[in-house]
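Undergrad: Take this structure, written in structure tokens, and hold onto it; I'll ask about it next.
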Amino acid sequence: MSNAEEVKKALVQAADAARFAPSIHNTQPWRWVVQGGELRLFGVTERQLAEQDPEGRMLLLSCGTALHHAQVALEAEGWRYEISRPETPENGPLAVIRPTEREAIRPEATRHFQMLQVRRTDRRTVTDEAIPESVLAFLTKAAEEAGAKLHVLKRDQVIELAVAVEQAQKAQDTDDRLRAETANWVGGEREEGTGIPASALPEELPLTTVAERDFSVRGTLPAGGGHDQGATYAVLYGTGDDSADWLRGGEALSRLWLTAAEQAVSLLPLSGPVEIPSSRVALRQMLGGLGWPFLALRLGTLDPAHSAPPKTPRLPAGQVIEILD
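Be aware that the sequence shown starts at 1400, since it is given in our numbering, and climbs by one per residue.
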């Protein structure tokens, strides 16, 4: 096999692995093009949440997680690469990956790749066992190495987050168009390959300090006991607020989530307070005005009695990967 053929194969495999990336309501708003030794990432506005995410921030964040997943897949095969991220992509790619050379496969690269299949969005309660400070420091470092920052909230700030989440939920509950849009993506069997099926949702909203998003759809998973007393809440944020920053934020989210999975830590993203301007301002105040929040996060110790929730559906490779040579 020639080098060009090896590169092409690696890029197709990387794009395929990126299908397992998390996205807002599992919309999977990305498309990959393999051509000329490059892997180009595009956003797909047809799968953007027009009511919930009119500015496309969550679309970019979702595309960033896919971009990082592709990097993990390349590293697992020993590929080094370069990435360009245009600051104003307009109709062009959000990012372009160019493999450069092979190197010995690092053990940590293999572990990260294995986590692509292990990672889940688990909306059930976590245990009362607090996450060790050493693990929190490790997770914070992972976010920083990926170009973002993680602010762990103090107890009084957790109450402020709970208020912001409640306000965001109330604002969204009164928006009929937003509720209708959410209903198109959440609940049921989701045979079309996108969205959140009932099998990935709890039977009832868990009793937690910070409320989870109420999709107005009941699922089939037991909610779990307790009140998340051992949960840690944090804000993932960056120093900027343009499209390149949100793409980086998605890459950091993916890196953080895979690292958390390695540490047997549950990570639940809370996007609601970022989607409403007033509650997003509240999150920024928690950061002392030093950054722009991407997401609030709940971190917790996995309950060993819980089996992993079912995988959410994914679009087939042919719908998200285009091979032009």
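Backbone N, C-alpha and C define an ideal beta-carbon position, used for all residues, glycine too.
Quantities reported herein were computed from a predicted structural model and do not represent experimental measurements.
Taking the straight line between their C-alpha atoms, what separation do you get for ALA1494 and LEU1689?
TA: As a first step, residue 1494 must be located in the sequence shown, where it is residue number 95. As a first step, residue 1689 must be located in the sequence shown, where it is residue number 290. Going from the Cα of ALA1494 to the Cα of LEU1689 covers about 27 Å.
Undergrad: Cβ of HIS1728 within 8 Å of Cβ of ARG1523?
TA: It is not possible to answer for residue 1728, since the shown part of the chain is limited to 1400 through 1724.
Undergrad: Return the residue from the list VAL1443, ILE1504, ALA1416 that minimises the CA-CA distance to ILE1423.
TA: Indexing the sequence shown from 1 puts residue 1423 at position 24. Ranking the options by Cα distance to ILE1423, first place goes to VAL1443.
Undergrad: Would you mind listing the beta strand (DSSP E) stretches within the stretch 1523-1598 that are 3+ residues and don't spill past its ends, in chain order?
TA: 1548-1551
Undergrad: Find out if the Cβ-Cβ distance for the pair PRO1428, CYS1462 is shorter than 8 Å.
TA: Translated into the one-based positions of the sequence shown, residue 1428 becomes position 29. Translated into the one-based positions of the sequence shown, residue 1462 becomes position 63. Yes.
Undergrad: Roughly how many angstroms separate the alpha carbons of VAL1557 and GLY1455, rounded to a whole number?
TA: Counting from one through the sequence shown, the residue named residue 1557 turns up at place 158. Counting from one through the sequence shown, the residue named residue 1455 turns up at place 56. Whole-angstrom Cα-Cα distance: 27 Å.
Undergrad: Apart from the five residues on each side of it in sequence, which residues of its chain come closer than 6 Å, Cβ to Cβ, to GLN1571?
TA: Sequence index remark: in the sequence shown, residue 1571 carries index 172 (1-based). Excluding sequence neighbours, GLN1571 sits near LEU1577.
Undergrad: Can you pull the DSSP bridge partners for GLN1434?
TA: By 1-based counting over the sequence shown, the position of residue 1434 is 35. Partner(s): GLU1437.
Undergrad: What did DSSP end up calling PRO1601 once you bin it into helix, strand or coil?
TA: The count along the sequence shown starts at 1 and reaches residue 1601 at position 202. The three-state reading of DSSP puts PRO1601 in strand, counting E and B together.
Undergrad: Closer than 6 Å by C-beta to ARG1679: which residues in its own chain qualify, once you throw out the five before and the five after it? Chain order, please.
TA: Numbered from its first residue, the sequence shown carries residue 1679 at position 280. So the list reads VAL1673, once near-sequence residues are dropped.
Undergrad: Would you mind working out which of ARG1484, ALA1663, LEU1686 sits nearest LEU1466, comparing C-alpha positions?
TA: Against the sequence shown, residue 1466 aligns to sequence position 67. Checking every option, the nearest Cα to that of LEU1466 belongs to ARG1484.
Undergrad: Would you report the Cα separation of ASP1613 and PRO1421, rounded to the nearest angstrom?
TA: Taking the first residue of the sequence shown as position 1, residue 1613 is located at position 214. Taking the first residue of the sequence shown as position 1, residue 1421 is located at position 22. Those two C-alpha atoms are separated by around 19 Å.
Undergrad: Once the 5 residues before and after TRP1584 are set aside, which same chain residues still bring their CB inside 6 Å of it?
TA: As a working note, residue 1584 is residue 185 in the sequence shown. Closer than 6 Å at Cβ, skipping near neighbours: HIS1424, GLY1594.
Undergrad: When DSSP labels each residue in this structure, what does GLY1442 get in the three-state scheme?
TA: For the purposes of this step, residue 1442 is identified with residue 43 of the sequence shown, where counting begins at 1. Strand.
Undergrad: As a quick exercise: from ALA1707, VAL1664, ILE1675, pick the residue whose alpha carbon is nearest that of LEU1694.
TA: The sequence position of residue 1694 within the sequence shown is 295, counting from 1. When only C-alpha atoms are compared, the closest one is ILE1675.
Undergrad: My output table needs one value for VAL1719: the three-state DSSP class, helix, strand or coil.
TA: As a position in the sequence shown, residue 1719 is number 320, starting the count at 1. The answer is helix: DSSP assigns VAL1719 an H, G or I state.
Undergrad: Assign LYS1408 to one of two classes, buried (16 or more other C-beta atoms within 10 Å of its C-beta) or exposed (fewer than that).
TA: Walking along the sequence shown from the start, residue 1408 turns up at place 9. Its Cβ having fewer than 16 others within 10 Å, LYS1408 is exposed.
Undergrad: If the criterion is Cβ atoms closer than 8 Å, does the pair GLY1637 and TRP1691 meet it?
TA: Within the sequence shown, numbered from 1, the residue matching residue 1637 stands at position 238. Within the sequence shown, numbered from 1, the residue matching residue 1691 stands at position 292. Contact flag set, yes.
Undergrad: Based on the DSSP output, what are the partners of GLY1637 in its beta bridges?
TA: As a first step, residue 1637 is located in the sequence shown; it is residue number 238 there, counting from the start. Beta-bridge pairing links GLY1637 to TRP1691.
Undergrad: Helix, strand or coil: how does DSSP classify ARG1519 here?
TA: Position 120 of the sequence shown, counted from the first residue, corresponds to residue 1519. Coil at ARG1519, not helix or strand.
Undergrad: Which residues share a DSSP beta bridge with ARG1497?
TA: Here residue 1497 refers to the residue found at position 98 when the sequence shown is read from its first residue. DSSP output for ARG1497 lists GLU1481 as bridge partner(s).
Undergrad: Assuming SER1665 is part of the beta strand (DSSP E), what are its boundary residues?
TA: As a working note, residue 1665 is residue 266 in the sequence shown. First-last of the beta strand (DSSP E) with SER1665: 1664-1669.
Undergrad: What residue range is occupied by the uninterrupted alpha helix (DSSP H) comprising ARG1456?
TA: The residue given as residue 1456 occupies position 57 in the sequence shown. Residues 1456-1475.
Undergrad: Which whole-angstrom value is the C-beta distance of ALA1681 and GLU1559, which I expect to be below 8 Å?
TA: Position 282 of the sequence shown, counted from the first residue, corresponds to residue 1681. Position 160 of the sequence shown, counted from the first residue, corresponds to residue 1559. Correct: roughly 7 Å between the Cβ atoms.
Undergrad: Tell me the rounded alpha-carbon separation between LEU1390 and GLU1404.
TA: Only positions 1400 to 1724 of the chain appear in this structure, which leaves residue 1390 out of reach.
Undergrad: Between the beta-carbon of GLU1602 and the beta-carbon of PRO1621, is there less than 8 Å?
TA: Indexing the sequence shown from 1 puts residue 1602 at position 203. Indexing the sequence shown from 1 puts residue 1621 at position 222. Yes, they are a contact pair.
Undergrad: Do ALA1633 and LEU1701 come within 8 Å of each other at the CB atom, strictly closer than that value?
TA: Within the sequence shown, residue 1701 is the residue found at index 302, counting from 1. Within the sequence shown, residue 1633 is the residue found at index 234, counting from 1. Contact flag unset, no.
Undergrad: Thinking C-beta only, is GLU1437 closer than 8 Å to GLY1477?
TA: Along the sequence shown, one-based indexing puts residue 1477 at 78. Along the sequence shown, one-based indexing puts residue 1437 at 38. For GLY1477 and GLU1437, no; Cβs fall outside 8 Å.
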